[in-house]
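Everything in the sequence shown is counted per the numbering used here, starting at 5 for the first residue and increasing by one.
All C-beta atoms, glycine included, are put in the ideal place defined by N, C-alpha and C.
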Amino acid sequence: MDPGHYALLLLAVGLAVLVVEVFVPSGGLLAALSMCCLAGSLFCAVWEWWGENMLAFWAYIGCTAVLIPATLGGSFYMLPRTEFGRRLLQEAPTPEETASFTEERAALAAAVGRRGKTLTLHNPGGLVEVDGARFHAEARGPMLDAGEPIEVVGTRGNRLLVRYAKDDVPPILQEIDDAPPAGTPPGEPRRAENPVPPVIDPDPDRPGGHIDAHAPVGYAHESPPEKSPPTDLEEVSSPDDMTSGDAKRPGTAATKDQAVSNRNDEVADPFAADAEREGIK
C-alpha cells in the first residue's frame with residue numbers, strides 16, 4: 005500500500021474519531037487522537053503527491069477542508085435522529101414543557117369568580133370547564149359529581165379552587181338556610197350571624213338607660229326602673245299634711261310616730277301591762 009492510500013485512510017479515521025468526540029465525553033483524548041490521524045494523513049499526502057502530482061495534493065487539501073466542517077455539521081444534525089443518537093443524547097424538551105408558567109398563572113387568575121361545570125368526579129380533585137377552557141380543579145366542601153355547576157373561588161398552585169354554585173341550590177334548601185334558628189318567637193326578624201355588640205349608655209343617670217346582661221346577643225332594651233320595697237306606712241310629702249285634719253288618719257306620719265312610740269313603751273316596761281291587768285282583776 006503506497007502513502008497515498010495511507011493518507012486517505014488516516015483522513016477517514018480522523019473524521020470518524022472527531023464525530024465520536026462530539027458526543028462522547030473523553031476529556032480530550034479522542035480529540036487528540038483525531039488530530040494525530042489528520043496530521044498523519046497530511047504527512048502521507050505530502051510524501052506521496054508533493055512535487056510529483058500537485059493537482060492530487062491540492063485536491064486532497066480542498067477535500068479535507070470541506071469534509072471536516074461538513075462531518076461535524078452532519079453529525080450534529082443526523083445523529084440525534086438515529087436510534088444510536090437518541091440513546092447517546094437526551095431528547096430536547098418540547099415548547100410546551102419549556103413555556104413559562106406566567107401565562108398559566110394569568111389564565112388561572114382570570115378564571116377566579118367565573119362559573120362553569122365539573123367534567124369529572126371531584127373527590128376532591130378533577131377537571132372543570134370554565135368559559136370553554138379546561139382546568140384542573142380542587143373542590144372545597146362536599147364531593148361534586150360530573151356536570152354540576154361550580155364557582156371558582158381561588159387558586160392553589162396550578163389548580164383552581166371551586167365550590168358548588170349557591171344560586172343553583174334548590175329552593176327548599178334556600179328556605180332551610182334562611183329559616184330563623186329554633187326557639188325564635190314568631191314574627192321576630194332573623195338576627196345577623198355576627199351581630200354588632202350593643203353600646204352601653206354613657207349616661208348612667210338617664211332613667212331606664214342600661215343593658216340587660218341576660219338579653220340575647222344583639223338585642224338591647226330598657227328595663228323598667230327598680231321599685232322600692234313596700235312599707236306598711238307611707239310618709240307624707242310635706243309638713244302641711246301633718247298639721248291638717250287628716251293627720252290622724254291611718255297611713256299618715258303622725259299615726260306612724262304614735263305607733264312606734266307605743267311599741268317602744270311596751271318593750272321598755274313589759275311588767276307594767278301585767279300589773280295593770282292583775283289590778284283590774
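Hey, residue i and residue j are a contact pair by Cβ (cut 8 Å); roughly how many whole angstroms apart?
i	j	result
residue 23	residue 79	4 Å
residue 76	residue 26	7 Å
residue 42	residue 15	7 Å
residue 135	residue 163	So it is not a contact: roughly 17 Å between Cβ atoms.
residue 122	residue 96	Between residue 96 and residue 122 the Cβ distance is about 37 Å, and since that is not below 8 Å, they are no contact.
Secondary structure at residue i, three-state DSSP: helix, strand or coil?
i	result
residue 159	strand
residue 142	strand
residue 99	helix
residue 111	helix
residue 153	strand
residue 134	strand
residue 122	strand
residue 129	strand
residue 164	strand
residue 93	coil
Going by alpha carbons, who is nearest to residue i out of the options?
i	options	result
residue 152	127, 168, 82	168
residue 155	129, 116, 50, 125	116
residue 125	148, 133, 137	148
residue 129	45, 111, 139	139
residue 6	33, 93, 50, 30	50
residue 106	29, 161, 142	161
residue 109	159, 46, 69	159
residue 61	9, 144, 131, 81	9
residue 20	64, 170, 82, 72	72
residue 120	146, 86, 170	170
residue 47	64, 36, 144	64
residue 68	166, 145, 44	44
Taking 7 Å as the cut-off, is the beta-carbon of residue i closer than that to any non-hydrogen atom of the ligand FAD?
i	result
residue 80	The ligand FAD is absent from the structure shown, which contains no ligands of any kind.
Give the straight-line distance between the Cα atoms of residue i and residue j, rounded to the nearest whole angstrom.
i	j	result
residue 57	residue 39	25 Å
residue 90	residue 98	15 Å
residue 133	residue 29	49 Å
residue 93	residue 32	19 Å
residue 131	residue 141	6 Å
residue 83	residue 113	44 Å
residue 127	residue 111	24 Å
residue 54	residue 87	43 Å
residue 165	residue 146	13 Å
residue 35	residue 66	22 Å
residue 59	residue 52	12 Å
residue 143	residue 74	58 Å
residue 81	residue 37	23 Å
residue 137	residue 85	35 Å
residue 70	residue 11	16 Å
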